[in-house]
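K.L.:
Chains A and B are the protein sequences, given in the same order. Going by numbering that gives the first Met the number 0, the first sequence opens with residue 0, and the numbers climb by one from there. Going by numbering that gives the first Met the number 0, the second sequence opens with residue 0, and the numbers climb by one from there.
2 protein chains.
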Amino acid sequence: MNQHPPVSVAIARFEDIVARGLRALIDEDTSLQLVAADVPHECLAEALRSHAPQVAIINFGSLVVASEVRDLNLAFPATRLVVLANRPTAAESRQMLAFGATACLAKSTQARDVLHAIHLASRGLYVMPPATIEYGVLGGPELLTPREADVLELLQIGRSNAEIANDLHVSVETVRTHARRVYRKLGVRTRRDLRSRH
Amino acid sequence: MNQHPPVSVAIARFEDIVARGLRALIDEDTSLQLVAADVPHECLAEALRSHAPQVAIINFGSLVVASEVRDLNLAFPATRLVVLANRPTAAESRQMLAFGATACLAKSTQARDVLHAIHLASRGLYVMPPATIEYGVLGGPELLTPREADVLELLQIGRSNAEIANDLHVSVETVRTHARRVYRKLGVRTRRDLRSRH
DNA sequence: AGTACGGGTGATGCGCGCCTCACCCTTTTA
DNA sequence: TAAAAGGGTGAGGCGCGCATCACCCGTACT
Numbered sequence: 000m001n002q003h004p005p006v007s008v009a010i011a012r013f014e015d016i017v018a019r020g021l022r023a024l025i026d027e028d029t030s031l032q033l034v035a036a037d038v039p040h041e042c043l044a045e046a047l048r049s050h051a052p053q054v055a056i057i058n059f060g061s062l063v064v065a066s067e068v069r070d071l072n073l074a075f076p077a078t079r080l081v082v083l084a085n086r087p088t089a090a091e092s093r094q095m096l097a098f099g100a101t102a103c104l105a106k107s108t109q110a111r112d113v114l115h116a117i118h119l120a121s122r123g124l125y126v127m128p129p130a131t132i133e134y135g136v137l138g139g140p141e142l143l144t145p146r147e148a149d150v151l152e153l154l155q156i157g158r159s160n161a162e163i164a165n166d167l168h169v170s171v172e173t174v175r176t177h178a179r180r181v182y183r184k185l186g187v188r189t190r191r192d193l194r195s196r197h
Numbered sequence: 000m001n002q003h004p005p006v007s008v009a010i011a012r013f014e015d016i017v018a019r020g021l022r023a024l025i026d027e028d029t030s031l032q033l034v035a036a037d038v039p040h041e042c043l044a045e046a047l048r049s050h051a052p053q054v055a056i057i058n059f060g061s062l063v064v065a066s067e068v069r070d071l072n073l074a075f076p077a078t079r080l081v082v083l084a085n086r087p088t089a090a091e092s093r094q095m096l097a098f099g100a101t102a103c104l105a106k107s108t109q110a111r112d113v114l115h116a117i118h119l120a121s122r123g124l125y126v127m128p129p130a131t132i133e134y135g136v137l138g139g140p141e142l143l144t145p146r147e148a149d150v151l152e153l154l155q156i157g158r159s160n161a162e163i164a165n166d167l168h169v170s171v172e173t174v175r176t177h178a179r180r181v182y183r184k185l186g187v188r189t190r191r192d193l194r195s196r197h
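1. Could you check which residue in 68/B, 59/B, 28/B, 63/B has the C-alpha nearest to that of residue 47/B?
2. Grab the span of the beta strand (DSSP E) containing residue 31/A for me, first residue to last.
3. Flag this pair as yes or no: are the beta carbons of residue 104/A and residue 116/A separated by less than 8 Å?
4. Nearest to residue 114/B by CA position, among 55/B, 51/B, 185/B, is which residue?
5. Beta-carbon separation of residue 83/A and residue 106/A under 8 Å?
6. Please tell me whether residue 38/B and residue 12/B are closer than 8 Å, where the distance is taken between their beta carbons.
7. Indicate whether residue 138/A and residue 126/B have their beta-carbon atoms separated by less than 8 Å.
8. Can you list, in chain order, the residues of its chain with a C-beta nearer than 7 Å to that of residue 171/A? Leave out the 5 residues immediately preceding and following it.
9. Going along the chain, which unbroken runs of the alpha helix (DSSP H) with 4 or more residues stay wholly within the region 55-113 of chain A?
10. Is it buried or exposed, residue 186/A, if we count other Cβ atoms within 10 angstroms and call 16 or more buried?
11. According to a CB-to-CB cut-off of less than 8 Å, which residues of the region 58-86 of chain A neighbour chain B?
12. My parser needs the beta strand (DSSP E) runs of 3 or more residues fully inside the region 145-187 of chain B; what are they?
13. Just verifying my parser: in three-state terms, what is the DSSP assignment at residue 10/A?
14. Can you list the residues of chain A that residue 132/B reaches, using a CB-CB cut of under 7 Å?
15. Hey, residue 93/A and residue 141/B are a contact pair by Cβ (cut 8 Å); roughly how many whole angstroms apart?
16. Is there at least one Cβ from chain B nearer than 8 Å to residue 115/A's Cβ?
17. Within its chain, find whatever has a CB closer than 6 Å to the CB of residue 28/A; leave out the 5 residues flanking it on each side and keep chain order.
18. Measure the C-alpha to C-alpha separation of residue 193/A and residue 2/A and round it to an integer number of angstroms.
19. Assuming residue 158/B and residue 149/B make a contact with CB atoms under 8 Å, what is their CB distance in whole Å?
20. Which stretch, first to last residue, makes up the alpha helix (DSSP H) that contains residue 17/B?
21. Can a CB atom of chain B be found closer than 8 Å to the CB of residue 122/A?
22. Which chain B residues sit within Cβ distance under 8 Å of residue 118/A?
23. Bridge partners of residue 125/B, per DSSP?
24. Can the beta-carbon of residue 175/A be found less than 8 Å from the beta-carbon of residue 182/A?
25. Please report the residue range of the alpha helix (DSSP H) in which residue 43/B lies.
26. In its own chain, which residues sit with a C-beta less than 8 Å from the C-beta of residue 100/B, not counting the 5 before and 5 after it?
27. Measure the C-alpha to C-alpha separation of residue 197/A and residue 132/A and round it to an integer number of angstroms.
28. With a 10 Å radius around its C-beta and 16 neighbouring C-beta atoms as the bar for buried, classify residue 179/B as buried or exposed.
29. What are the residues that DSSP puts in a beta bridge with residue 137/B?
30. Can you list, in chain order, the residues of its chain whose CB lies under 8 Å from that of residue 18/A, leaving out five sequence neighbours each side?
Shown next, in the form of structure tokens:
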């Protein structure tokens, strides 16, 4: 029922065992088409230029500097970059995404999950390893702060400002300030709207 | 070769068509095991408590407020939350992740990608829709700051600390401080390492 | 008329990242 | 050998988000 054209994939050079595993994995998946494999690190740009794969699997370990990922992404924006690292830290993973990678995976990731990630990345969805997202690392002033979320929750169940102030052990004025920001961020004008929305 | 126990999945209540599609999708996948389906929104917490599924697919549209996701995540940290929204904005997606969701998907996502995301989410990997990550929305003290990027650029073209200090109109000591942070963040030890490519 | 609510503005304190610079030390390089 | 670079530590100032509270005004409901 789903007839999609195969996803073209290029693989950078990896350690022998890893490379063989990756190749076998991708060969097994008929919806993935290998267009280049075992590409030496210094030939990556050339390979991306000539093959223009939808997905390129990059070896984090062979990166001389992390910003090479940014350079590749700027030069070949049509190719989604999947970075495979031995044991990426949360910071490294975030840096990879900040530099334009679409996915960052540990080599300890299960084989099937690598395939899942390749497919998702080929269609632009981001994949990040566990424990890389906490409140605070996601910028953006439109996000509700933890305190605003507390107020929102109580607003939603119909509590008055005075009751909320009592619940949270703060002044009514503080509650009103939080409520105003919640209204603005969620694009509503009254507490009523919070309950009738959706 | 891959003998993994199936992943238990619970599905919240969705629009009829969507619900049928989701069910069929998950029934087809032998590595997914449906433990609850068409769970009304008000029974979600109860369903998660009794079935303790590895993954729960949440209907963004039936959320009264976004912070319900946070509450569910706090109450059932072992269950990965996959939020399915009609057309999530970048802010909404980030808010979902900030509130503890492991994946946020648009309903326009291809069926197979929903399955991919469920599998990845079951093992803790984060999945985000396209265009939700730009440079800057990822906070974190480990990313290169603008000033560090300035220094990096000059370091890469071979300028000395004194020259960089002159270019940027700051002290040599400041340049050395920026350079140190750049080295640490990029995992290199010398400016040579930054140039060994190109 | 009194109370609660929505909306604007501003102030305060705290924490934290960023930028700047300084002083110390060792290693590398010219 | 002297200069440059790498590495550690710490300090001071600045900006900003967050949380808290205060005062102003107008409106809606009772």
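Every residue, glycine too, gets a C-beta built ideally from N, C-alpha and C.
P.N.:
With the given structure in hand:
1. Translated into positions along the second sequence, residue 47/B becomes position 48. Considering only alpha carbons, the answer is 68/B.
2. As a working mapping, residue 31/A is identified with position 32 in the first sequence. Start and end: 31-38.
3. As a first step, residue 104/A is located in the first sequence; it is residue number 105 there, counting from the start. As a first step, residue 116/A is located in the first sequence; it is residue number 117 there, counting from the start. Yes. Within cutoff.
4. Mapped onto the second sequence, residue 114/B falls at position 115. Among 55/B, 51/B, 185/B, the Cα nearest to that of residue 114/B belongs to 55/B.
5. As a first step, residue 83/A is located in the first sequence; it is residue number 84 there, counting from the start. As a first step, residue 106/A is located in the first sequence; it is residue number 107 there, counting from the start. Their beta carbons are under 8 Å apart, which means residue 83/A touches residue 106/A by this criterion.
6. As a working note, residue 38/B is residue 39 in the second sequence. As a working note, residue 12/B is residue 13 in the second sequence. The answer is yes: Cβ separation under 8 Å.
7. Here the question's residue 138/A lines up with position 139 in the first sequence. Here the question's residue 126/B lines up with position 127 in the second sequence. Their beta carbons are not under 8 Å apart, which means residue 138/A does not touch residue 126/B by this criterion.
8. Residue 171/A sits at position 172 when you count from the first residue of the first sequence. Correct list, in chain order: 160, 161, 164.
9. 66-74, 89-97
10. Against the first sequence, residue 186/A aligns to sequence position 187. The residue in question, residue 186/A, is exposed, as its Cβ has fewer than 16 Cβ neighbours within 10 Å.
11. 63, 64, 65, 66, 67
12. none
13. Sequence index remark: in the first sequence, residue 10/A carries index 11 (1-based). Three-state DSSP puts residue 10/A in a strand.
14. One-based indexing of the second sequence puts residue 132/B at position 133. Within 7 Å Cβ-Cβ: 96, 125.
15. To locate residue 93/A, count along the first sequence from 1; it is residue 94. To locate residue 141/B, count along the second sequence from 1; it is residue 142. At roughly 7 Å, the Cβ-Cβ gap stays under 8 Å, so residue 93/A and residue 141/B are in contact.
16. Here residue 115/A corresponds to residue number 116 of the first sequence, with the count starting at 1. Residue 115/A counts as touching chain B.
17. As a position in the first sequence, residue 28/A is number 29, starting the count at 1. Taken in chain order, the residues that qualify are 114.
18. As a working mapping, residue 193/A is identified with position 194 in the first sequence. As a working mapping, residue 2/A is identified with position 3 in the first sequence. Rounded to whole angstroms, residue 193/A to residue 2/A spans 42 Å at the Cα level.
19. The residue you call residue 158/B lines up with position 159 of the second sequence. The residue you call residue 149/B lines up with position 150 of the second sequence. Their Cβ separation, rounded to whole angstroms, is 11 Å, which puts residue 158/B and residue 149/B out of contact at 8 Å.
20. On the second sequence, residue 17/B is found 18 positions in, with the first residue counted as 1. It spans 15-27 - the alpha helix (DSSP H) in which residue 17/B sits, taken as one unbroken run.
21. What you label residue 122/A is simply residue 123 of the first sequence in a count that begins at 1. Taking Cβ atoms only, chain B reaches closer than 8 Å to residue 122/A, which makes this a yes.
22. The residue given as residue 118/A occupies position 119 in the first sequence. Correct list: 111, 112, 115.
23. By one-based count along the second sequence, residue 125/B stands at place 126. DSSP lists 127/A as partners of residue 125/B.
24. Your numbering for residue 175/A matches position 176 in the first sequence. Your numbering for residue 182/A matches position 183 in the first sequence. No. Outside cutoff.
25. What you label residue 43/B is simply residue 44 of the second sequence in a count that begins at 1. Per DSSP, residue 43/B belongs to the alpha helix (DSSP H) from 43-50.
26. As a first step, residue 100/B must be located in the second sequence, where it is residue number 101. These residues qualify, in order along the chain: 57, 68, 72, 80, 81, 82.
27. Stepping through the first sequence from its first residue, residue 197/A is reached at position 198. Stepping through the first sequence from its first residue, residue 132/A is reached at position 133. Reliability of the predicted coordinates at residue 197/A is poor, the pLDDT of 37 falling under 50, and no value is obtained from them.
28. Sequence index remark: in the second sequence, residue 179/B carries index 180 (1-based). The residue in question, residue 179/B, is exposed, as its Cβ has fewer than 16 Cβ neighbours within 10 Å.
29. By 1-based counting over the second sequence, the position of residue 137/B is 138. In the DSSP output, where bridge partners are listed per residue, residue 137/B has 137/A.
30. If you number the first sequence from 1, residue 18/A lands on position 19. Excluding residues within five positions, the ones whose Cβ falls inside 8 Å are 10, 12, 36, 37.
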